[in-house]
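**Student:** Can you read through this structure? Questions will come right after.
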Amino acid sequence: MHRANAQIMASICLKVNSKLGGLSSVLPEGTLPLVHDAPTIILGADVANPRLESSSHPPVSVVTASLDRYSSKYAARLAVQDGPNDFSHLPHMFWELFREYYKHSRCKPQHVVYFRSGVASSRLHDVVQAEMRALRKAFRMLEANYEPLVTFIMVNENHHVRLFVPEGSVRNSQDRSGNPVPGTIVDKGALVDPQRFDFFLVGHSSIQGTSVPTQYTLLVDENKLGPDKIEKLTYRLCYSYARCTRSVHGENSPAVAILSRHARVLVDGLAAVR
């Protein structure tokens with residue numbers, strides 16, 4: 001190691017501690033709406049689609065789930081799909097992750113908050129319907145009358161929206177790069193959908209360049225959280241990533257994104273070997 005400074009060593013220790021199942025930090029009690037009030041599982045999901053040069057390779061489903069009441073420990077499952085509309089693996093993946101939650105917390109989740117990434121707007125309705133059915137099936141696989149309440153939130157990072165701090169704004173409204181400070185939320189005006197609740201969140205401070213906010217769209221809210229609690233929960237989950245000492249750009253999106261890339265490389269590599 002050529003640069004064994006304190007920052008690099010601390011980063012390595014965080015990653016090692018996470019892999020060993022340890023907790024480096026937790027959010028203060030009462031700061032996570034719903035999660036700190038009752039047993040709640042945070043799910044994150046994405047589909048790693050094949051690159052253009054390997055378009056014959058199958059998509060890979062990635063699902064992560066929190067395992068404790070601090071939403072700091074996560075488990076994950078991967079599955080190769082038969083096609084872009086294949087949801088047959090999801091119920092079993094959800095079932096396994098709910099069992100992992102019970103094994104760690106010794107209780108069943110009463111609430112589910114599901115962050116789903118990487119869905120084109122043209123497929124929103126079909127995906128929501130199919131994945132809600134998959135969740136319901138997983139609930140029945142666990143117990144006949146088990147029906148936790150679900151909040152389903154779509155996550156979109158593939159857009160062209162950029163947020164800027166107006167000239168003359170107070171100094172603490174921007175970070176060192178001139179971007180809006182973490183926690184900045186836009187949920188009104190021309191940027192948002194007038195037909196449903198959505199918002200743009202700046203979850204982290206960019207080291208350089210213009211930061212890209214993440215768009216969140218509420219599609220199902222059986223928990224009746226409402227806009228304020230959803231925004232607070234989403235932003236505060238940006239601080240629960242076990243491998244970082246600062247906020248990241250979105251709830252558990254980094255973990256899902258990393259797993260998606262690893263899954264894509266794995267499947268492409270196996271296809272190349274064959």
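The opening residue of the sequence shown carries number 1 in the UniProt record's numbering; numbering runs sequentially from there. Just so you know, even glycine gets a beta-carbon here, dropped at the ideal spot from N, CA and C. Quantities reported herein were computed from a predicted structural model and do not represent experimental measurements.
Which of the three DSSP states, helix, strand or coil, is assigned to Ser66?
**Tutor:** In the structure shown, Ser66 sits in a strand (DSSP, three-state: E or B).
**Student:** Would Leu201 pass as a contact of Pro213 if the rule is Cβ separation under 9 angstroms?
**Tutor:** In this structure, Pro213 lies closer than 9 angstroms to Leu201 by Cβ.
**Student:** Would you mind sorting Ser61 into buried or exposed? The rule is 16 or more other CB atoms within 10 Å of its CB.
**Tutor:** Buried.
**Student:** For Leu218, name the three-state secondary structure that DSSP assigns.
**Tutor:** Leu218 falls in the strand class under three-state DSSP.
**Student:** Look at the Cβ atom of His111, then the Cβ atom of Thr151, and state whether they are nearer than 9 angstroms.
**Tutor:** Cβ distance < 9 angstroms, so His111 and Thr151 count as in contact.
**Student:** Out of Leu14, Phe199, Thr64, which one is the CA nearest neighbour of Tyr74?
**Tutor:** Per the Cα distances, Thr64.
**Student:** Report all residues from its chain with a CB closer than 6 angstroms to the CB of Arg116; omit the five preceding and five following residues, and keep chain order.
**Tutor:** Here the set comprises Ala45, Met154.
**Student:** So, for Asn156: in the same chain, excluding its five sequence neighbours on each side, which residues have a beta-carbon less than 6 angstroms away from its beta-carbon?
**Tutor:** The answer, listed in chain order, is Gln215.
**Student:** Comparing alpha-carbon positions, which option in Val35, Leu149, Phe98 lies nearest Glu222?
**Tutor:** Nearest C-alpha to Glu222: Leu149.
**Student:** Can you name the residues that DSSP bridges to Phe199?
**Tutor:** In DSSP, Phe199 forms a bridge with Tyr216.
**Student:** By the 10 Å Cβ neighbour count, where 16 or more other Cβ atoms means buried, how is Val273 classified, buried or exposed?
**Tutor:** Its pLDDT being 48, under 50, Val273 is placed unreliably by the model, and the measurement read from it follows with that caveat. Burial call: exposed.
**Student:** For the alpha helix (DSSP H) containing Thr40, name the first residue and the last one.
**Tutor:** Run containing Thr40: none in the alpha helix (DSSP H); it sits in the beta strand (DSSP E), 40 to 48.
**Student:** For Pro39, which of Gly183, Ser71, Ala79 has the nearest alpha-carbon?
**Tutor:** Among Gly183, Ser71, Ala79, the Cα nearest to that of Pro39 belongs to Ser71.
**Student:** Determine the direct distance from the alpha carbon of Cys107 to that of Ala76, and round the result to whole angstroms.
**Tutor:** Rounded to whole angstroms, Ala76 to Cys107 spans 19 angstroms at the Cα level.
**Student:** Specify the secondary structure class of Pro180 as computed by DSSP and reduced to three states.
**Tutor:** In this structure, Pro180 counts as strand in the three-state DSSP scheme.
**Student:** Are the CB atoms of Ile185 and Val113 nearer to each other than 9 angstroms?
**Tutor:** Going by C-beta atoms, Ile185 is not nearer than 9 angstroms to Val113.
**Student:** Quick one: what does DSSP say Ser61 is sitting in, helix, strand or coil?
**Tutor:** In this structure, Ser61 counts as strand in the three-state DSSP scheme.
**Student:** Can you tell me whether DSSP reads Val273 as helix, strand or coil?
**Tutor:** Reliability fails at Val273, whose pLDDT of 48 lies under 50, so the model's placement of it is uncertain and no value is given.
**Student:** Identify the continuous alpha helix (DSSP H) that holds Ser151 and give its terminal residues.
**Tutor:** Reading off the sequence shown, one finds Thr at residue 151, where the question assumed Ser. Per DSSP, Thr151 belongs to no alpha helix (DSSP H); it is in the beta strand (DSSP E), 149 to 156.
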